[in-house]
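J.:
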Amino acid sequence: MSHCVSKHIAESIKQLVPYQPGKPIEELARERGLDPARIVKLASNENPLGMSPKAMAAVGRCLADGARYPDGAGFALKAALKERLSVPPECLVLGNGSNDVLELVARLVLRPGTSAVFSQYAFAVYPLVTQALGARAIVVPAKAYGHDLAAMAAAIASDTRIVFIANPNNPTGTFVPGEAMEVFLRQVPSDVLVVLDEAYTEYLEPQDRYDSLAWLARFPNLVITRTFSKAYGLASLRVGYALAHPEVAEAMNRIRQPFNVNAFALAAAEAALADDRFLAESVAVNRDGMAQLEAGLARLGVRFVPSKGNFLMCEVGDAAAVNEALLDRGVIVRPIAGYGLPTWLRVSVGLPEENERFLAALAEALGR
Ligand SMILES: *Cc1c(COP(=O)(O)O)cnc(C)c1O
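Under the numbering used here, the sequence shown has 137 at position 137, and the numbering climbs by one with no breaks.
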């Protein structure tokens with residue numbers, strides 16, 4: 001029997017398929033009687049180096065003040081971001097992870113009777129927030145697993161309020177060069193928001209970098225989102241931010257929770273932002289680990305999509321069965337059947353020994 005309130009819950013919410021997070025180490029250890037210390041988790045694109053020691057120390061210094069509410073305005077972190085990015089603080093919106101700011105921007109403009117455009121194989125949060133808000137999803141077929149920007153521009157309808165693009169994209173690792181993105185921005189009507197999700201931007205090689213911040217002045221409908229969860233290693237603390245036109249940022253700030261970023265996350269992010277060495281090391285470990293994974297997969301004859309992120313997806317046939325075999329061997333990766341990619345697995349780049357564990361387990365799972 002259903003609850004009396006059930007009839008009042010929006011159909012779009014009842015039909016939501018919740019976000020599927022990577023399996024926690026402790027859960028796998030419990031399920032299969034494995035030693036948690038021997039489990040390798042390469043499932044959530046986390047930083048294999050952990051947190052910056054400076055960020056850790058900053059969190060430690062905050063503990064004694066745990067009874068106090070955090071600075072709801074995030075003054076110090078915004079000042080640090082302003083310094084680092086040369087953007088005015090009025091353009092900034094801090095979030096409980098960038099997921100939070102993605103949801104805030106969606107809530108500004110999406111409701112029943114409107115639509116959002118995003119690509120096939122786009123980050124799972126875009127379809128989720130679109131559906132949760134009762135808006136229509138316009139899913140544009142991917143080109144070589146990545147964004148087909150020309151088709152996306154053409155797909156914008158009169159009721160479209162937002163276009164989501166992750167660059168690089170998760171889970172495919174595909175990348176749109178800056179020039180192509182700029183061409184796209186010029187094609188989008190100025191009353192349609194373009195959310196450019198740069199969760200992995202720190203991992204880009206110098207030749208792939210593009211100055212998206214400079215676009216903010218020319219394209220007032222552009223919203224850039226970034227996170228401290230990946231290269232900065234703060235996934236558990238939950239902190240990210242958006243850069244937008246002051247009017248858009250102001251509206252997002254108006255609807256956010258007053259204390260949406262906690263004090264530990266604020267302090268850690270500020271410290272992480274100043275730790276250039278840790279960031280450089282994270283990027284270097286990723287570059288080497290990516291090369292190691294690519295070489296290992298090639299050796300096994302496993303096809304993969306070249307990735308500009310800190311993960312890559314590889315085609316293994318019956319991915320559900322291969323995933324089970326990997327789990328038996330204490331290796332957690334991410335099946336992506338939910339993205340419409342049932343023959344693929346996404347693996348995050350780990351430390352050299354973790355990558356090796358994955359490759360060895362995969363070789364066994366595939367009988368190669
Ligand atoms: C990981 C990821 C995020 C970041 O999520 P947080 O909420 O900041 O942890 C955002 N977008 C994409 C595409 C991601 O892969």
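The C-beta atom is built at its ideal place from N, Cα and C for all residues, glycine as well.
Would you kindly work out how many angstroms separate the C-alpha atoms of V302 and Y210, rounded to a whole number?
T.: 31 Å
J.: Does the region 46 to 60 come within contact of the region 334 to 353, defined as at least 3 CB pairs closer than 8 Å?
T.: yes
J.: May I ask you to report which of helix, strand or coil DSSP gives A137?
T.: A137 falls in the strand class under three-state DSSP.
J.: Report the rounded CA-to-CA distance for L312 versus P177, giving the unit in angstroms.
T.: L312 and P177 have their C-alpha atoms roughly 18 Å apart.
J.: Give me the Cα-Cα distance between L293 and N355, rounded to the nearest whole angstrom.
T.: Straight-line measurement puts the Cα of N355 at about 7 Å from the Cα of L293.
J.: Under 8 Å Cβ to Cβ from Y339, same chain only, skipping five residues before and after it: list those, please.
T.: Y121, A124 and P171
J.: Taking Cβ positions, are F164 and Y126 nearer each other than 7 Å?
T.: Yes, Cβ-Cβ distance for F164 and Y126 is below 7 Å.
J.: For Q257 and A361, what's the separation of their Cα atoms in angstroms?
T.: Straight-line Cα distance between these residues: approximately 44 Å.
J.: Near ligand 1, which residues have their beta-carbon less than 5 Å from any of its heavy atoms, given in chain order?
T.: Those satisfying the condition are, in chain order, G97, S98, N99, F123, A166, N170, D197, A199, T227, S229 and G240.
J.: In the DSSP assignment, find the unbroken beta strand (DSSP E) run with V347 in it and report its ends.
T.: W344 to S348
J.: Which residues in the same chain as E270 place their Cβ atom closer than 8 Å to its Cβ, once the five residues preceding and following it in sequence are excluded?
T.: A58, A76, L77 and A80, listed in sequence order.
J.: Touching or not, the region 27 to 46 and the region 322 to 336, by the rule of three or more beta carbon pairs under 8 Å?
T.: yes
J.: Output yes or no for whether 7 Å exceeds the beta carbon distance between V192 and V105.
T.: Taking 7 Å as the Cβ cut-off, V192 and V105 do not qualify as a contacting pair.
J.: What separation, rounded to the nearest whole angstrom, lies between the Cα atoms of I13 and K7?
T.: Computed Cα separation, rounded: 12 Å.
J.: Terminal residues of the continuous alpha helix (DSSP H) containing C91?
T.: First-last for C91: undefined, no H or E at that position.
J.: Quick check: what's the CA-CA separation for P112 versus S190?
T.: 21 Å
J.: Can you give me the C-alpha to C-alpha distance between R254 and E90, rounded to a whole angstrom?
T.: 12 Å
J.: Just to confirm, is the Cβ distance from S119 to D159 under 7 Å?
T.: no
J.: Out of D197, E202, L243 and M152, which one is the CA nearest neighbour of Q187?
T.: M152
J.: Report yes if the C-beta distance between A154 and I138 is below 7 Å; otherwise report no.
T.: no
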